[in-house]
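Residue numbers (the working numbering): 51 to 323.
Quick reminder that beta carbons are idealized off the backbone N, C-alpha and C, glycines included.
In what follows, a structure is listed as structure tokens, so that the remarks can point back to it.
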């Protein structure tokens, strides 16, 4: 994507140090100092105009969000989106959001090991040509970088309209032995998902009848343990429900049999006195 920025855009960004970060290196391992708290950090890689990350920050005040993109103009637009989203809250000042201008290639230089809890990949460039597959943000080389910066509760949430990229991504996750869940080939087939914040592109694409693919990937050890425990508990509940249903069927059959036997005795001929 090539964008023509407005005159004075760099000055505009530099004037917003409480929201815009132009150099992540000094904050590596110190993002909690930037936010002034130790809440979980969620990062969107390739935030575009910032609708998603701004909406998420408003909806989840107990989480710190960082939107990453490499273009000054997109950072400027995202800052406007953020302030508009927070216009009626906190005096219009986003309190749990940072907009980082950076190239995702160097993500390991932006965050320390275990500093991030969740990564969002929303409508990343599908890079359709084979020679460009290494640039895909779900290529194994990127997944290994994510593994480093994600903590023990770490997850990756992906949305895309590219079936080609989605198939590639699912294979990459499998090759890296990562656990997937909530895989959807048509996210909004039953109507707009109000529980999920949508990007600008996603909203327009779905309104035109487009199809969105989505999945969640579990990376951290504690997140994986919680997923497995939940899965076991779900199986236990299902087994208990099946046993209860089976017992109910047997009981119902017994009652019907008893009723039929009683009816047969009433209908048998009796002797006259």
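Counting only residues of its own chain and dropping the five nearest sequence neighbours on each side, residue 272 has a CB closer than 7 Å to the CB of 202 and 203. Contact check for residue 74 against residue 171 fails: the beta carbons are separated by 8 Å or more.
For residue 107, the three-state secondary structure derived from DSSP is helix. Here the C-alpha atom of residue 218 lies approximately 13 Å from the C-alpha atom of residue 192.
Judged by DSSP in its simplified three-state form, residue 263 adopts strand. When only Cα atoms are considered, residue 181 and residue 290 end up about 52 Å apart. For residue 115, the closest C-alpha among the options 222, 169 and 153 is that of 169. In this structure, 129 is the residue among 112, 108, 287 and 129 with its C-alpha nearest to the C-alpha of residue 118. Going by beta carbons, residue 231 and residue 262 fall outside the 8 Å limit. In the DSSP assignment, residue 232 falls within the beta strand (DSSP E) that extends over 229-234. Restricting attention to beta strand (DSSP E) runs no shorter than 3 residues, the region 128-207 encloses them at 147-151 and 166-172, ordered along the chain.
Secondary structure note for residue 68: it is in no beta strand (DSSP E), with a DSSP letter that is neither H nor E. Pairing residue 166 with residue 106, the inter-Cα distance amounts to about 16 Å. Assigned with DSSP and collapsed to three states, residue 113 falls in coil, not helix or strand. In the structure shown, residue 225 adopts helical secondary structure according to DSSP, grouped into three states. Contact annotation: the region 75-93 touches the region 140-154, with at least three C-beta pairs closer than 8 Å. By the CB criterion at 8 Å, residue 173 and residue 209 fall inside the cutoff. By the Cβ neighbour-count rule, residue 152 is buried, with 16 or more other Cβ atoms within 10 Å of its own.
In this structure residue 163 touches residue 199 by the C-beta definition: roughly 6 Å separates them, less than 8 Å. Residue environment: residue 135 is assigned as buried (16 or more neighbouring CB atoms within 10 Å of its CB, all protein chains considered). Under the three-state reduction of DSSP, residue 238 is assigned to coil, being neither helix nor strand.
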